Structures are given as structure tokens and as C-alpha cells.
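Sequence order for the protein chains is A and B. Per the numbering used here, the very first residue in the first sequence carries number 8; after that it's consecutive. Per the numbering used here, the very first residue in the second sequence carries number 57; after that it's consecutive.
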Amino acid sequence: MSATGKFTADILTVANEKAQSIVANAETETQKALSDAKSHLSREAEDVVRNANTEAEGAKRRHISEARRRVKLKEQQEKSRILQGTLDQTRQRMTDMVRDQSSYLPYLVGLVENGIRELGINDVTVHLNQEDLKRIAKAKLEGEVGRKLGKPVKIEYAGRPIETSGGVIVANSDGKIRIVSTIEQTFEALESKMLIEAGKILFGD
Amino acid sequence: MSGIETVKVIVEAEREAARILDMAQSKATAVRAQLDLQIQQQRELILQAAKKHAADILQRAEEEGKVEAQNYEKASEATVHDLVTKASLKKSAAVERLLGILLGGKG
Chain A
8 MSATGKFTAD ILTVANEKAQ SIVANAETET QKALSDAKSH LSREAEDVVR
58 NANTEAEGAK RRHISEARRR VKLKEQQEKS RILQGTLDQT RQRMTDMVRD
108 QSSYLPYLVG LVENGIRELG INDVTVHLNQ EDLKRIAKAK LEGEVGRKLG
158 KPVKIEYAGR PIETSGGVIV ANSDGKIRIV STIEQTFEAL ESKMLIEAGK
208 ILFGD
Chain B
57 MSGIETVKVI VEAEREAARI LDMAQSKATA VRAQLDLQIQ QQRELILQAA
107 KKHAADILQR AEEEGKVEAQ NYEKASEATV HDLVTKASLK KSAAVERLLG
157 ILLGGKG
């Protein structure tokens, strides 16, 4: 080969080597960048799945929690229904008792006696409902109260009936101090206590 | 070969060398240009698969949660029923106790 031929061949050899190197570098760079990107994307994908797992746990917990809430609500409704039924039945028993003179009169005696004790006087006015005003043996009631208190008492009966299903209002002579012991008032005053007591009996272990 | 011919041959060889390098640069540029597209394709592929997997996990959890909730409610029905039955048996005793409170001011 002539010297010129060798020189030009060297030029082309160097050019080809450099060309191969340029392309190889570009490919290496690209592969590395792609590999880095894949690695980054894998982490992103893991995050997506991890978040989904967390969300899934939350979703399951939410379903269970809602079910528990529904069950609790149902249980509370049932308890409330039974308690209300118990109160209604008690109220009915009170109404039955009011109709039965043999048990109602001692009850009234007790109420009047307590009223007099609370007022601390012997001369009182007793308020009754219309039916009781007609049917109650007033002299007997006064006598029983006096006997229980161990002293004579003077009971005056208010002519105007009170609106109640039973029970009494015991007042001093001018009516300014009143001990209200009607069935409705007694129920209202004791309702919270009765609910607690009934709850203990009905739902206690 | 005359001197002029020699120079011509060398110039021609250098032109060829320049063309080879230009081609290599073009190829390298093309390879690099493909990178963004490849990354984008990989991104779509990997994230789409992950999203599909995530959706499956969520759907399965929803279904499992519903089933567990139904089972819990079903099991609790018996408990509530039992509570009602036991309470009903004690209702008379409770009424007596309440009457005691009302009539005797006990408690």
C-alpha cells in the first residue's frame, strides 16, 4: 500500500472507531437513564400499591365500623323499646292501682302523710282529681293520716279538682306552699331513677 | 500519483471521515431522542399495572369488608335477640321494682 493509501485508511479507521464510540456512549447513557427511570417507576408503583393496601384496610375497617354502629343502634333501640314498655306497664299498673280502692287509699294516705310531714303543719288543704273527690272516703283518709302521724290533723279538700290521673297536692292554708304528689309528677320526678333501675334489672348480668 | 492527486485523495478521505462522524452523531441523537419515548412507555406500562393492582386490592377489600360486616351483623342479630329474650323474662321483676319506687319511695 502506498503511503497515501495508508494515511487515508488510518483517517477512516479513526473516524469509524470514533463513530462507534459516539453511538456506544449514547446507547450506554440511554440504557442507564432507562434503568434509573425504571427503578424510580418501580418505587412509584410500590407507593401506589402500598397506598392501595392502606386504603383497603381503611375500607374494610369502615365497613366493620359501620356494621358495629348499626348493631349498636339496633341494640339501643331494642333496649329503649323494652324500657319504654316497662315504663308503660308500670304506668298501667299505677292506673290499675288507682282504680282499686283497697290499694289506692293507703297510697293516698301515705302521700298526704308525707305532705304534712314536709310542710310541718297540721292544717292542710288536699287537692284531688274529680273522681277521687267523689269516691274517696275523706273521713277515713283523715283518720288514717292522723293515726300514722300520731296526732290529729285537719284536712280541708279543695273544691276545684286537679287535672291528674291520681295522687294529691298537699298545700298549706293559703296555698302558697304545695307538695305536689300527683302520679304524673311522681313519674316525671322519678323517671330517670326508674330508667336506671329498670336498666340494671333488665340488662344487668 | 502527482502531488495534487495525493491531496485530492486525502481531502476525500477526510470528507468521508466527517460524513462517518456526522452519521454517528445523528444516530446518537436518535438514540437519545428515543429515551423520552421509552421512559414514557415504561411509565405508562408500570403505573397502569400498579393502578390496576391497586384497584383490584381496593375492590377485594370492599367485598371482604361487606362480607365481614354482614357476618358481624348476622352474628349480632342472635346477641340482640338473646338480649331481648332475657330482658323480656325480667320485665315483670322490673315493673315490680319500679312500682316499689313509685309507691314506697324506695331507693
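Every residue, glycine too, gets a C-beta built ideally from N, C-alpha and C. This structure is a prediction, so every number in the text was calculated from the model and none was measured.
Quiz item: Is it the case that the Cβ atoms of A:L156 and A:E120 are separated by a distance below 7 Å?
Solution: yes
Quiz item: CA-CA distance, A:A66 and A:R106?
Solution: 59 Å
Practice problem: Give the DSSP-derived three-state secondary structure of B:R153 in the structure shown. | Solution: helix
Quiz item: Applying a beta-carbon distance threshold of less than 9 Å, which residues of chain A neighbour B:A134?
Solution: Those within 9 Å of B:A134 in chain A number zero; the least Cβ separation is about 11 Å.
Practice problem: Return the residues of the stretch 75-92 of chain A that lie within a Cβ-Cβ distance of less than 8 Å from chain B, sorted by chain order. | Solution: R75, R77, V78, K81, E82, E85, K86, I89, G92
Quiz prompt | Strand pairing of A:A178, partner residues [DSSP] | solution = A:T132, A:R185
Quiz prompt | Within chain B, partners of A:V30 - CB distance below 8 Å | solution = A80, K83, A84, V87
Practice problem: Using alpha carbons as the reference points, say which of A:N179, A:E191, A:K158 lies closest to A:S172. | Solution: A:E191
Self-check item: Extent of the continuous alpha helix (DSSP H) run through A:E151
Solution: 145-156
Quiz item: How should A:S188 be labelled, buried or exposed, when 16 other C-beta atoms within 10 angstroms of its C-beta is the threshold for buried?
Solution: buried
Quiz prompt | Listed by chain order, chain B residues near A:Q96 by CB distance under 9 Å | solution = By Cβ distance, chain B contributes K147, S148, A150, V151, L154.
Quiz item: Which two residues bound the contiguous alpha helix (DSSP H) that contains A:E36?
Solution: Residues 10-106.
Quiz prompt | Buried versus exposed call for A:M8 [16 or more other C-beta atoms within 10 Å across all chains shown] | solution = exposed
Quiz prompt | Contacts of A:N179 in chain B (Cβ-Cβ under 9 Å) | solution = Those do not exist, as A:N179 stays about 22 Å from chain B at its closest Cβ, beyond 9 Å.
Quiz item: Any heavy atom of the ligand SAH closer than 6 Å to the Cβ of A:S109?
Solution: You won't find the ligand SAH in this model; it holds no ligand whatsoever.
Quiz item: What does B:I157 reach in chain A if we use C-beta pairs closer than 7 Å?
Solution: L197, K200, M201, E204
Self-check item: Neighbourhood of A:V116 by C-beta distance below 8 Å, restricted to the same chain and skipping five residues each side
Solution: So the qualifying residues of the chain are L148, E151, V152, K155.
Quiz item: Assuming B:E70 contacts A:I29 under a Cβ cut-off of 8 Å, what Cβ separation, rounded to an integer in Å, is found between them?
Solution: Not a contact, Cβ separation roughly 17 Å.
Quiz item: To the nearest angstrom, how far is it from the Cα of A:K86 to the Cα of A:E138?
Solution: 36 Å
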